[in-house]
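Worksheet: one structure, shown below.
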Amino acid sequence: MTYQEVVTRSLLRLVAVPGLDKPAALITLDNGFDHKKPNALGPEGLASLDAAITGALAAGPAFVAVTGKPYIFCVGADVTGLNTITDREQALEIGRLGHRVFARLKDSTVPTFAFVNGAAMGGGLELALHCHYRTLSGGAAALALPEVLLGLVPGWGGTQLLPNLIGIAPAAQVVIQNPLTQNKMLRPAQAAELGIADVLLEPADFLERSLEWAAGVVRGEVTVTRPEVDKDMWDGVLFFARKTLDDRLHGAVPSANRALELLGLARDADFAAGTAAEDEALADLVMSEELRSGLYAFDLVQRRAKRPAGAPSAGLARDVTKVGLVGAGLMAGQIALLFARRLEVPVVLTDLDQARVDKGVAHVHGEIDKMVAKGRLDAGKAAKLHGLISGSVDKGAFADADLVVEAVFEDLGVKKQVWAELEKIVKPEAVLATNTSSLSVTEMAADLEHPERVVGFHFFNPVAVMPLLEIIRGERTDDATLATAFAVGKELKKSCVLVKDAPAFVVNRLLTRFLGEIFAAVDEGTPLDVANEALDPLGLPMRPLPLLQLVGPAVAYHVGGILHAAFPDRFPVSDNLRRIAESGKPFLVDDEVNPEVAGLMEFGDRPSTAEQVRQRALEALAQEVRLMLDEGVVAEPQDIDLCLILGGGWPFHLGGITPYLDRTGTAERVTGQRFLPRGVASLP
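Note that the numbering used here has the sequence shown beginning at -2, numbered continuously upward.
In structure tokens:
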């Protein structure tokens, strides 16, 4: 078969271990690169592991152990080659090959150990689960079975081994819930507490301590006890998990349902039957459109996000040794904490009066203290952060700042006034960044003496969690300013996308168009529950009405007004949304429409069906994406998808949105062409 991979070799050596008459056979997984290119397993890598196991057992060792190169155990199957698979039989063979090789460790009469020295994900964690015993380094970056997020299932034994090791409830969390919750990873202490590892060891001398511990097990001096798994609760847990999936995803993610079926088999099926079922599920999913979209999305997040299209040379970036923040509200506080944590430079907040400044700084310091209480920061680092974050009502504190970010009220006049004041204070080379979510960066800078140093820096809420940073180039923003913005974004560990200065940029423009069509249908007479549930088949992270509640009706109405002024034919103003925004009342109460708000709304007599609402919204998205690409708002469709995935939380199985619009025929019907060539995010 044609399968491209960076081959991970399994390097065998015999190691003398004190207290044992025979050596240990130590297999080290190593693809020849540093930790930035993790170990992964394709057909050649599996063949190398198979040969190493054969050599290890032939040596007659006291035990066999598998570990990884520095900082990395193994991150699983080499998914980069899955797009080359063109028929189901090839996919079946990948599953069967992994099962056959890994089973040798499980079935070995010689004790087998996994020394999990670093990141272990997917098939890498499944490899460890096949070993009789597992040690885990406290320095391991992450442990996970993320396959469901991509559109797969743990296909090398994970669905059968894990629930019988740690119980069905935590296994369902690791296999299904965590991948669908922003691909949540387990920290080493969490994995050890769940029982995935038998012992947690310090990273400094991890290999030596692992060998000692394994020798103790072999000599019978260390007894490994594992709690008995309660199989009586299996059906109840799976019933609840199935209901949760139905309520949340409405059948839109086939991989989640297949994973649930496999976890159900694990209670009573023998291992061979369970893994055969994994093979069949894997083959079906590899040949699905959802997986191809998931692989495309994975590639965007892992590769394109790290090499932003259109970013100028990093060599043009200026150093940032101090940051100023105009505003001391909640958003500004989140930004301040992020800058202090990532850049470790002084951050000064300012606001209209001392009370606001004091409140803002106190809030940030309180957030630092909460992180200490949760064990996410040590006291020393917290003390340093406390010292870095300060406040002042005097904007003169920004005189020596290299970067000033404004996070004030979303009003063009207010923002222009802020920059006019600051330009007289800051040094000539200081970069001025606006956290606007919809206003024109060009207009904001128009009256300044140096408009070339103004750039848009659009964070998403919550700032610490959402990975996207839209960097907006105004008409006169120069390359040095832009390069500094990208360099800072990288230091903040954000995924940056270059966006042209256009109304509401990418995410807010698309979400506003999308919500606008939903509300237009409501205004015409579509019942709220029908409109709210119309998009369920897409499996979006939120239904429209809870999304509106999260954004805030007033904010949604404000952004809608900006877009209406720019594009009145495509962004009409909803009278019902205006009434809701002006009421100041919460739109939803206990997940139901607030009766007080509902009483303010007026409805027409032209209701739509859920299918009609869904088609209307999708066609609007297709039209808007094509217009944005024609306008050059971003470089390519990939940037649209990256923004929706990282800034809107849109799922991998949609590939963002353009692959879904392509595969449903919506793109061609509305715009006359696909967004992506066939095979890029779809089956060949």
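For every residue, glycine included, the Cβ atom is placed at its ideal position computed from N, Cα and C.
* Asked: Going by C-alpha distance, which of P459, G471 and E467 is nearest L445?
  -> G471
* To do: Buried or exposed for F761, please, with buried defined as at least 16 other CB atoms from any protein chain shown within 10 angstroms of its CB.
  => For the chain, the structure presents residues -2 to 681; residue 761 sits outside this window and is missing.
* So, do the region 372 to 385 and the region 274 to 293 have three or more beta carbon pairs nearer to each other than 8 Å? -> no
* Extent of the continuous alpha helix (DSSP H) run through F237 -> W231 to L246
* How many Å lie between Y0 and V438 at the Cα? -> With a pLDDT of only 49 at Y0, under 50, the local geometry of the prediction cannot be trusted, and no value is derived from it.
* To do: Keeping to the same chain, check which residues put their C-beta closer than 8 Å to that of A169; ignore five residues upstream and five downstream.
  => P160, V234, L235, A238, L257 and L260
* To do: Grab me the residues of K510's own chain with a C-beta within less than 6 Å of its C-beta, minus the 5 sequence neighbours each way, in chain order.
  => The sequence shown places Arg at residue 510, not Lys. Contacts found: A617 and E621.
* Asked: Rounded to a whole number of angstroms, what is the C-alpha to C-alpha distance between D355 and P343?
  -> 17 Å
* To the nearest angstrom, report how far apart G453 and G410 are at their CA atoms. => 16 Å
* Asked: Okay, do the region 52 to 70 and the region 20 to 29 touch, 3+ Cβ pairs below 8 Å being the bar?
  -> yes
* Asked: Got a sec? Which residues, its chain only, sit under 6 Å from F112 by beta carbon, not counting five neighbours each side?
  -> A62, T64, T132 and S207
* As assigned by DSSP and simplified to three states, the class of G148 -> coil
* In this structure, what does DSSP give as the bridge partners for C493? -> L466
* At which residues does the alpha helix (DSSP H) containing I515 begin and terminate? -> V504 to E521
* **C71 in three-state terms, based on DSSP** => strand
* Asked: Is it the case that the Cβ atoms of H383 and H362 are separated by a distance below 8 Å?
  -> yes
* What is the rounded straight-line gap between the Cα of V687 and the Cα of A189? -> Residue 687 lies beyond the residue range present for the chain, which begins at -2 and ends at 681; the question has no answer from this structure.
* To do: Could you name each continuous alpha helix (DSSP H) segment of 4 residues or more that falls completely within the region 409 to 445, going from the start of the chain to the end?
  => 409 to 420 and 438 to 442
* Per DSSP, the bridge partner or partners of F564 -> For F564, which the question treats as bridged, DSSP gives no partner whatsoever.
* Asked: From I468 to L400, what does the alpha carbon distance come to, in whole angstroms?
  -> 14 Å
* Looking at the unbroken beta strand (DSSP E) that takes in L322, where does it start and where does it end? -> V320 to V323
* Provide the residue(s) that pair with L54 in DSSP beta bridges, ordered along the chain. => Answer is none; L54 lacks a bridge partner.
* For S571, is the classification buried or exposed, using 16 other Cβ atoms within 10 angstroms of its Cβ as the cut-off for buried? -> buried
* Asked: Run through DSSP, which three-state label would A116 get?
  -> strand
* **Pairwise C-alpha distance: G377 and R338** => 13 Å
* To do: Report the residue from A211, M368 and L641 whose alpha carbon sits nearest the alpha carbon of V107.
  => A211
* Asked: Would you call the region 147 to 166 and the region 270 to 286 touching, i.e. three or more CB-CB distances under 8 Å?
  -> yes
* Comparing alpha-carbon positions, which option in G324, V250, K319 and A678 lies nearest Q351? -> G324
* To do: Consult DSSP for D348 and reduce its assignment to one of helix, strand or coil.
  => coil
* To do: Mark R6 as exposed unless 16 or more other C-beta atoms lie within 10 angstroms of its C-beta, in which case mark it buried.
  => buried
* Asked: What's the gap between the Cα of F395 and the Cα of C640?
  -> 32 Å
* What's the gap between the Cα of G192 and the Cα of V677? -> 40 Å
* Asked: Would the beta-carbon of V496 fall within 8 Å of that of V630?
  -> yes
* Which ranges would you report for the beta strand (DSSP E) in the region 142 to 199 if only whole runs of at least 3 residues count? -> 196 to 198
* Asked: CB-CB under 6 Å to A138, same chain, minus the five flanking residues each way: which ones, in chain order?
  -> A116
* Asked: From the DSSP output, which residues share a beta bridge with R6?
  -> D27
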